[in-house]
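Heads up: the sequence shown runs through residues 196 to 511, numbered per the numbering used here.
Just so you know, even glycine gets a beta-carbon here, dropped at the ideal spot from N, CA and C.
All values derive from a computational prediction rather than experimental measurement.
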Amino acid sequence: MALGPSPYFADARVRQAFAYAVDRDALAQGLFGGAVSPLDSWLPPDHWAYAGEGTLPAYPFDPGRAAALLEEAGWSDLDGDGTREYSGAGGTYACQRGEWTIEPGTLLAPMLVIPAGDPLREQIALQMQASLAQVGVNLQVQPLDPALMFAASGPIVRREFDLALFAALTRPDPGGIEQWVGADVFRHPLERTVVHRWDLEARWLTSEQLVERLALNNVPGPENDYQGQNYSGWCNEAADVAIVEAALSFDLQERAAFYAQQQAIFAQELPVLPLFPRPRLAASAPYVCGVRPGPYDPLTWNIATWSFDESGTCGG
196 MALGPSPYFA DARVRQAFAY AVDRDALAQG LFGGAVSPLD SWLPPDHWAY AGEGTLPAYP
256 FDPGRAAALL EEAGWSDLDG DGTREYSGAG GTYACQRGEW TIEPGTLLAP MLVIPAGDPL
316 REQIALQMQA SLAQVGVNLQ VQPLDPALMF AASGPIVRRE FDLALFAALT RPDPGGIEQW
376 VGADVFRHPL ERTVVHRWDL EARWLTSEQL VERLALNNVP GPENDYQGQN YSGWCNEAAD
436 VAIVEAALSF DLQERAAFYA QQQAIFAQEL PVLPLFPRPR LAASAPYVCG VRPGPYDPLT
496 WNIATWSFDE SGTCGG
């Protein structure tokens, strides 16, 4: 679930409060019979780049902790009607993006956009409403035609949402630059890359001009023609550098270490609230041998090795 650019979620304590308030264990149990468990990262636990079990901040269902964090962040139910109102002092966005403010008395009633006609997401939204109501959040739900929701001019790409519920794909090589980098990342070639000595000695380019831009700001906006997939607008200097180092390194252990650094910051700041992995179901006839479903590839990834066994035992 993406936490949007609205000032509702400018304060990390509010994002953490939502993580404690949403009963993700109940969601996983009710929707999939416990076949999956809540995620604590944007990478699943069986991925080679996952930071490691027990290494990331956890957010078990804890309405009391959620309520305390909301109080700390300036959200209190001042009139006793069950919905919190803002009485805080605002704050500062990361990466020198200015100040944010919320009008005193603003209700904590964010809008969650979901794809219309999707029974699974409708159930998730209803359960989230019930969980969040326990801590004074009046969650609104707006189903949208998927063609509109994910259009280039739609609320996701244009970042015109409070909360959005949608799936994200994980690849064997996780990448991450397009999804998470929030500001341009540079590297000086004199320190990290080889530059032909004549280019330096002849001074055709100054050292400042030789600075290499490794990654662009991937927060969609008018300045980059709404490119990139960092829909939450997350920007953290250390996380940006770690994800770029991870994506560009050729050393697997080094990459895993950088990904772990980025995930630790991600799990603390929670630009996105991971819910759970969606199970993939596959079925094959007993006489089709060699079918090996995996979490990342199409079912037929190894079809060249499939065979038939009329006995239905596949050599067993």
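Item	Value
Within the same chain, show all residues whose beta-carbon is closer than 6 Å to that of I309, passing over the 5 residues directly before and after it, in chain order.	R316, A320, P338, L360
Below 7 Å between beta carbons: does that hold for Y281 and Y254?	no
Grab the span of the alpha helix (DSSP H) containing M196 for me, first residue to last.	Note, M196: premise wrong, no alpha helix (DSSP H); not H, not E.
Along the chain, which unbroken stretches of the beta strand (DSSP E) at least 3 residues long are found entirely within the segment 257-306?	none
Using the Cα positions of A212 and A262, report the straight-line distance between them to the nearest angstrom.	7 Å
List the endpoints of the continuous alpha helix (DSSP H) containing V336.	Element bounds for V336: not the alpha helix (DSSP H) but the beta strand (DSSP E), 335-339.
Give the DSSP-derived three-state secondary structure of P314 in the structure shown.	helix
Closer than 8 Å is the cut-off here; do at least three beta carbon pairs connect the segment 326-343 with the segment 201-209?	no
Under 7 Å, Cβ to Cβ, is there at least one residue of chain C near L339?	Here chain C cannot be found, since the structure has a single protein chain.
With 16 as the cutoff for other CB atoms within 10 Å, does F356 come out buried or exposed?	buried
Assuming P488 and R475 are in contact, meaning their beta carbons sit under 8 Å apart, how far apart are those beta carbons, in whole angstroms?	7 Å
Quick one: Cα of S431 to Cα of D313, how far?	Checking the displayed sequence, the identity of residue 431 turns out to be Asn instead of Ser. Straight-line Cα distance between these residues: approximately 33 Å.
Indicate the three-state DSSP secondary structure (helix, strand or coil) for L358 in the structure shown.	strand
How is V308 classed by DSSP in three states: helix, strand or coil?	strand
With distances taken between CB atoms, is the gap from G371 to I438 smaller than 7 Å?	yes
Confirm, please, whether the CB-CB distance from L307 to T278 is below 7 Å.	no
Have a look at S479, G510, A205 and flag the residue whose alpha-carbon is nearest the alpha-carbon of P305.	A205
Quick one: residues in its chain with C-beta nearer than 6 Å to the C-beta of C484, no 5 flanking neighbours on either side, listed in chain order?	S502, D504, C509
Please state if the CB of F471 and the CB of L234 are separated by a distance shorter than 7 Å.	yes
Alpha helix (DSSP H) containing D147: first to last residue?	Residue 147 lies beyond the residue range present for the chain, which begins at 196 and ends at 511; the question has no answer from this structure.
For S514, which three-state DSSP category applies?	With the chain represented from 196 up to 511, any question about residue 514 goes unanswered, as that position is not in the structure.
DSSP three-state call for V414: helix, strand or coil?	coil
When you compare only the Cα positions, how much space is there between A168 and P367?	A question about residue 168 goes unanswered here, because the residues of the chain that appear run from 196 up to 511.
Take L273 and list the residues in its own chain whose beta-carbon comes closer than 6 Å to its own, dropping the five residues that flank it on each side.	E280
Tell me the DSSP secondary structure of V483 in three-state form.	strand
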